[in-house]
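Read through the structure below, which is laid out as structure tokens, and then see the notes.
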Amino acid sequence: MKKIFYLFAFLLLSDGVFAQLQLYKRGLASFEKGQYDLAIKDLAKVTNIAESEKANLNYKIAEAYRLSNRWVEAIPYYEKALEAKILIPEAHFHYAFALKAAEKYDLALSELQQFIDSKSTIKAYNEKAYREVNTLKIIGELKKKQTEITFKNLSQLNTAGAEFAPMVLGDELVFTASRKSKTYSNGLPYVGLYKARLARSMAEIGKPEKFSAAIFDEERNEGTPTFSPDGKTMIYARGNTGKRKDLSPDMDLYISRFVDGSGWTEPRYVSASDSASWDGCPAFSRDGKTIYFASNRPGGLGGIDLYRVNMDASGRFGNPVNLGKEVNTAGDEMFPYVSEDGKLFFASDGHPGLGKLDLFVAVRSGGKITVENMGAPYNSNMDDFGLTMSKKGDIFFSSNRAGGTGDDDIYYYEAPRTPDLAENDPSKTPLIPISTPDSLSKPKDIKTVRYFLAGTIYTKNANNENIPLDSVSVKILTSGQDDPLKEIVTTKDGKFGPIAVEEDGDYVILGSKKNYLAKREDFSMNGRAIPQALLTKAITDTTFYTSLNLEEVALEKTFRVENIYYDLDKWDIRPDAALELDKLVQILIDNPTIKIELGSHTDSRSSDVYNQRLSQRRAESAVNYIASKGIDKARMSAKGYGESELLIKNAKTEDEHQTNRRTEFKIVEIE
């Protein structure tokens, strides 16, 4: 009887483990499809899982919350993932911004520093991390910047769903909302365009209705409209059907014209759009000849950037132009709006701000464009975006700040009504209240910073301690250039510099010395510029410090090549492996006197013979790749070691097996 009981209990346990595994797999599949709500529901139910997978489980839940713009909810899962020692440096990066959204600024600063110390190869993240470190240092100053006006929630329009990107068209407020009956692949309703009639006061605003039957597709996202000065032309974002056969799976810009008697025309594709990229948030200039919009198309500065494109009277578009580093950052710049007096307002998470997206205004002072945070109450610790204004002086914007009625809500400031106001007379338009109005009207004294780079060259002693290395030739090159900007030799204490560098420059530090392996390391100034708010003097000198570690050259010395991964049972060079092998190509270029053996190792799974053959093929594949980059094949040999030299003899977890699956190179000859 006992045997039957134990067998039954074992079967129940097995069924439970299997069910948990199925939940886990289903949650991961939903995550990969961008179905974040479904992913969270399944993954949050997984309570019985191998220790080696707990870090990934919690990280995926945290990422699902982050990618669905629920940053604060992601915090406990990032904490668990990091406690379980997740081996993804970006975890610290995303966790920091989640902490910032919860106004835990000191912890956010600590996490960002850990990310920076990890020396990530993701350039855009690095730049954003450096910018954010500076932002957190001035968060107190940003909080002091306030305007004495009050914004109210437009509760007559807002629901538990999302309402955002308001735009005034005549006597109507046009806005984007998630109210369609059909749902997108993420389980949320598609967004569409709606309108409500404006009255004498906001308390009397009309009941929302569809903006136009001609521009309303139940199975397509549509939103963020802009209207020409005469109100006859509309450009808006359209796309994201979620269907596999969709020729434009992302958002694109479309144009429609208003015809008296028949309404808005069938929208047509704007030629300035890039069907392979996300294009949205258009805005007309005041003369109607230029369109500003947001895009993540290739060639930008990172994330989503702001662009402008000219449009002629017949509706033909020129070539889009990026607004440049003065406006765009490694983060996201979105929701541009041009006011009646020609100022450019937009939302960004890359410029110094209080929360995720903050509202900013671009100001031209002394021939230079600077970007200013609009302060509170425009901005909060959450997303604040989509600002627009009416000719009466009313201000609208969107936010998911605390105290709203749902997701993104529309907020408004109602300008005092003047009985004798001539609405068609721009000269009598009320003054729009904005943080520190003087900054928008008076030339600003731009303080200057002179930037320098200095560092120390080290080597390791027998105890693996850093020892300063003298007489090292150090070349400072501008990225992409072969001729050095500066060439110096380290002093007895291994130091070099300081060397003057440009605010947004990208550099390479190349260190070389006889009997040592020459090494180079990138150094970017992007994101390191000191905000004007931190400067107290007319001219400030600041020096950034870096270090480089050179290894002594010796025959049979082995060097690990990091992050060379292969698909299961394959030896093809993947794109991520190619990036790492390119570094080895550079090492061979910088060290022309060495010949190497490139060795590939497998884990202990599969047979000895199979692993030996697989590792040999992988090593040969790597050698062939390097030779294709111009390195003489006579300088390389390939050797597969199979599972004969395991670093972890009794590997059990996937991380331990990955440690055993490695690629190394060994110096076999020095000319």
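Per full-length UniProt numbering, the sequence shown starts with residue 1, numbered consecutively.
We put the beta carbon where it would ideally sit given N, CA and C, even for glycine.
The structure presented is a predicted model; accordingly, all values stated were derived computationally and were not measured.
Straight across, the Cα-Cα distance linking residue 656 with residue 335 is about 46 Å. Going by beta carbons, residue 375 and residue 158 fall outside the 8 Å limit. When the Cα atoms are used, residue 177 and residue 465 turn out to be separated by approximately 60 Å. Distance from the CA atom of residue 622 to the CA atom of residue 138, rounded to whole angstroms, is 48 Å. In the same chain as residue 195, and ignoring 5 residues on each side of it, the C-beta atoms closer than 8 Å to its own belong to 169, 172, 173, 174, 175, 208, 209, 210, 211, in chain order. Inclusion of residue 297 and residue 229 in the CB contact set at 8 Å is not warranted, their separation being larger than that value. Per DSSP, reduced to three states, the secondary structure at residue 278 is coil, with no helix or strand assignment. Under the criterion of beta carbons closer than 8 Å, residue 550 and residue 474 do not qualify as touching, at roughly 11 Å. Boundaries for residue 221: no alpha helix (DSSP H) harbours it, while the beta strand (DSSP E) harbouring it runs 221 to 227, taken from the DSSP string. Put simply, the backbone Cα of residue 469 is about 24 Å away from that of residue 669. If you keep only unbroken beta strand (DSSP E) runs of at least 3 residues inside the segment 282 to 364, you get 290 to 295, 305 to 310, 333 to 338, 344 to 348. When C-alpha distances from residue 77 are compared across 61, 313, 68, 69, the shortest belongs to 61.
Judged by DSSP in its simplified three-state form, residue 40 adopts helix. Between the C-alpha atoms of residue 406 and residue 163 there is a straight-line separation of about 9 Å. When the Cα atoms are used, residue 273 and residue 267 turn out to be separated by approximately 14 Å. Counting the other CB atoms within 10 Å of its CB gives residue 200 a total below 16, which places it among the exposed residues.
Spatial neighbours of residue 595 in its own chain (CB-CB distance under 6 Å, excluding positions within 5 residues in sequence) are listed in chain order as 635, 668, 669. No beta strand (DSSP E) of 3 residues or more sits fully in the segment 86 to 163. The alpha carbon of residue 187 has as its nearest neighbour, out of 643, 488, 41, the alpha carbon of 41. Comparing C-alpha distances from residue 482 to each of 602, 507, 488, 460 shows the shortest one belongs to 507. Burial check for residue 56: the Cβ neighbour count within 10 Å reaches 16 or more, so the residue is buried. Around the C-beta of residue 575, fewer than 16 other C-beta atoms lie within 10 Å, and the residue is accordingly described as exposed. Taking all protein chains in view, the Cβ of residue 220 is crowded by 16 or more other Cβ atoms within 10 Å, so the residue is classified as buried. Segment contact: the segment 75 to 91 against the segment 224 to 239, fewer than three CB-CB distances shorter than 8 Å; contact not assigned. Residue nearest to residue 88 within the set 411, 67, 121 is 121 (criterion: CA-CA distance). The criterion of a C-beta distance shorter than 8 Å is satisfied by residue 239 and residue 252. Segment contact: the segment 20 to 27 against the segment 45 to 52, three or more CB-CB distances shorter than 8 Å; contact assigned. Note: residue 376 is bridge-paired with 146 in the DSSP secondary-structure output. In this structure, DSSP gives residue 68 a state outside helix and strand, which the three-state scheme calls coil. Each residue's CA atom was taken as its position, placing residue 254 and residue 400 some 27 Å apart. A check of alpha carbon separations from residue 522 across 495, 123, 105 identifies 123 as the nearest. The Cβ atoms of residue 257 and residue 290 lie no closer than 8 Å to each other. If you draw a straight line from the Cα of residue 332 to the Cα of residue 369, it is about 18 Å long. Distance from the CA atom of residue 545 to the CA atom of residue 455, rounded to whole angstroms, is 5 Å. Taken through DSSP and simplified to helix, strand or coil, residue 560 comes out as strand. Apart from sequence neighbours up to five positions away, the residues of its chain that approach residue 493 with a beta-carbon distance below 8 Å are 456, 468, 470, ordered along the chain.
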